[in-house]
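A quick write-up on the structure given underneath.
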Amino acid sequence: MINTTNQLDEALIEKIRNLEQQIAQKDREQYIILNNLQRKNRELKNQFQQTQRQNMDTKKEVLQLQSKNDHFKIQVENYSNEIHDLKQKQQQLLNEQEFLSQEIKYLKSELKQDQLIESEILKKNEQFKRLHNTINELEKQIRLLQLNQQQNSYQLYQTQQINNKIQPCQIHQQNEEITIPVYVPIIEQPKYIEQPIKQYQVERIVETTNSNTIKPQSICFQPVHYTTQQHWVSMQPVHNHQNHHHHHSCSSNYGYKYSYY
0 MINTTNQLDE ALIEKIRNLE QQIAQKDREQ YIILNNLQRK NRELKNQFQQ TQRQNMDTKK
60 EVLQLQSKND HFKIQVENYS NEIHDLKQKQ QQLLNEQEFL SQEIKYLKSE LKQDQLIESE
120 ILKKNEQFKR LHNTINELEK QIRLLQLNQQ QNSYQLYQTQ QINNKIQPCQ IHQQNEEITI
180 PVYVPIIEQP KYIEQPIKQY QVERIVETTN SNTIKPQSIC FQPVHYTTQQ HWVSMQPVHN
240 HQNHHHHHSC SSNYGYKYSY Y
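Heads up: the sequence shown begins at 0 in numbering that gives the first Met the number 0, then just goes up one per residue.
Below, the structure written as structure tokens:
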């Protein structure tokens, strides 16, 4: 007589063994998938950090170009004023030259030759030559200043063209843009005499160097330079490949760099 109970037990044991093998196979597959996901996550994190660094470098270049733009504006204005002053001085010297020419003509025509003092004539002629040389030198300076003005105007145009390429974010609303004060240096004024104090509350601050550090809820933006001339620069958002948009600050507070979403 066949023992059906033992046969059922063996079949059940075999089925359990097959199930355990299937579970072990699934565990191995899940382990492989998990390793792949972790590797992909590390790659994406590295790409994100590299993109952040590039965006911060780009923002720094924009601020430098804007500062250089204002510097060239001041230079162009100064050169224009200097050219105007030199032209006035040139006209004054031309008037003096004309006066001396008329005086020489008068001495030659109205006075008798024996009454003329040869040394006086030579002196007047020498003075006339000096004035003529001075006028020539002023004309050279004017040409040089005009050339410098053209070069600065061209550089100013290039800088403005670069600044005009910075487009505002199409996703953000106008009141969502973060505006910070930036003070640029003035010619012949190396001392920083003003330091504004103002805080800007933002939606979220993401700390990019140490995720375990407690993140502050607000930050005081410190401008690049402190002088008497104030400029306001809008923090334009930057887009990444996932169509996320966020603001970047070139400031570093408490040793951390922040992104403003």
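Where a beta carbon is used, it is the ideal one built from N, C-alpha and C, also for glycine. Everything numeric in this text was worked out from a predicted model, so none of it was measured.
Note down, in chain order, each residue of its chain lying with its Cβ closer than 6 Å to the Cβ of I120, except the 5 sequence neighbours on either side. none
Buried or exposed by the 16-neighbour rule on C-beta atoms within 10 Å, applied to N211: Note that N211 has pLDDT 40, beneath the 50 cutoff, so the model's placement of it is unreliable and the number below is only indicative. It counts as exposed.
What do you reckon, are the CB atoms on L85 and I134 nearer than 8 Å? no
Please classify F71: is it buried, with 16 or more other beta-carbons within 10 angstroms of its beta-carbon, or exposed? Burial of F71 is indicated by the presence of at least 16 other C-beta atoms within 10 angstroms of its C-beta.
Quick check: what's the CA-CA separation for V75 versus T57? Per the coordinates, the alpha-carbon of V75 lies some 27 Å from the alpha-carbon of T57.
Can at least three beta-carbon pairs, one atom from the segment 87 to 103 and one from the segment 122 to 133, be found at a separation below 8 Å? yes
Out of I15, E81, N5 and T50, point me to the one whose CA is closest to L146's CA. E81
With a 10 Å radius around its C-beta and 16 neighbouring C-beta atoms as the bar for buried, classify Q65 as buried or exposed. buried
Cα-Cα separation between T60 and Q149, rounded to whole angstroms: The identity of residue 60 in the sequence shown is Glu, whereas the question assumes Thr. Approximately 24 Å between the Cα atoms of the pair.
Can you tell me whether Y30 is buried or exposed? The criterion is at least 16 other CB atoms within 10 Å of its CB, across all chains shown. exposed
C-beta contact flag for E102 and K122 at 8 Å: no
Are the beta-carbon atoms belonging to Q310 and L144 less than 8 Å from one another? In the structure as shown, the chain begins at 0 and stops at 260. Residue 310 is therefore absent and cannot be evaluated.
Cβ-based burial, Y105 [other Cβ within 10 Å; buried from 16]: exposed
Could you tell me whether any Cβ in chain D is nearer than 8 Å to the Cβ of Q149? The chain inventory of the structure shown lacks chain D, comprising one protein chain alone.
Rounding to the nearest angstrom, what Cα-Cα distance links L43 and I141 in this structure? 59 Å
Spatial distance of K14 from Q20 (CA atoms): 10 Å
Exposure label - Y153; buried when at least 16 CB within 10 Å: exposed
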